[in-house]
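Enquirer: Its first residue numbered 1, the sequence shown is counted upward by one per residue in full-length UniProt numbering.
Quick reminder that beta carbons are idealized off the backbone N, C-alpha and C, glycines included.
One structure, as C-alpha cells, below. Some questions next.
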Amino acid sequence: MKLIINNSSQQPIYEQIVDQIKALIMSGQAEEGEMLPSVRSLSKDLKISALTVKKAYDALEHEGFVNTVHGKGSFIAGTSPELLMEEHRKEVESDLEMAILKGRRCGMTDQEILDLFNLIMEE
C-alpha cells in the first residue's frame with residue numbers, strides 16, 4: 001500500500017492517511033479482507049509516529065472502513081454501497097462549499113453563484 005504524506009500540508013498526517021486509504025477502498029484498489037500494513041511497519045515506512053498511524057486506523061475503524069483483530073492486524077471491511085455513496089456525497093459537498101466560498105471571495109452574489117451552478121447543470 002503506497003501512501004504519500006505531505007509534511008507541509010495544513011491537513012493533519014493522520015487525516016492524510018485516512019483520506020488516502022478511503023480513496024483506495026472507494027476506487028476498488030483495496031478490497032474487502034485485504035490486510036493493512038501493521039502500525040509499526042507503516043509508521044517506519046512513512047517516518048512518522050506509530051501513534052499517528054494508530055489514530056488513523058482507529059478513525060477508519062470507527063467509520064466502518066476497517067476491522068481490527070487484536071494480535072492479527074487491521075483489515076479492509078466489507079463496505080456497503082450506502083457507506084460508499086455517503087463518502088462520495090461528503091466529497092462533493094466539500095468541493096461545492098469550496099466553490100461557493102471562492103465565488104463569494106471573488107465578489108459574486110449567492111444568486112450569481114446559483115445561476116452559474118444551474119447553467120453548468122444544464123450542460
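Tell me which residues share the same chain as L60 and place their Cβ nearer than 7 angstroms to its Cβ, disregarding the 5 neighbours each side in the sequence.
Expert: Closer than 7 angstroms at the Cβ level, and outside the excluded window around L60, lie V18, I21, V66.
Enquirer: Tell me whether Q16 is buried or exposed, calling it buried when 16 or more other Cβ atoms sit within 10 Å of its Cβ.
Expert: buried
Enquirer: Assign S74 to buried or exposed, taking buried as 16 or more other Cβ atoms, counted over all protein chains shown, within 10 Å of its Cβ.
Expert: buried
Enquirer: Using alpha carbons as the reference points, say which of V39, L46, A50, L84 lies closest to T68.
Expert: For the residues V39, L46, A50, L84, the minimum Cα distance to T68 belongs to V39.
Enquirer: Could you please give the first and the last residue of the uninterrupted beta strand (DSSP E) stretch that includes F75?
Expert: Residues 73-76.
Enquirer: Provide the residue span of the beta strand (DSSP E) that contains N118, from first to last.
Expert: Element bounds for N118: not the beta strand (DSSP E) but the alpha helix (DSSP H), 110-122.
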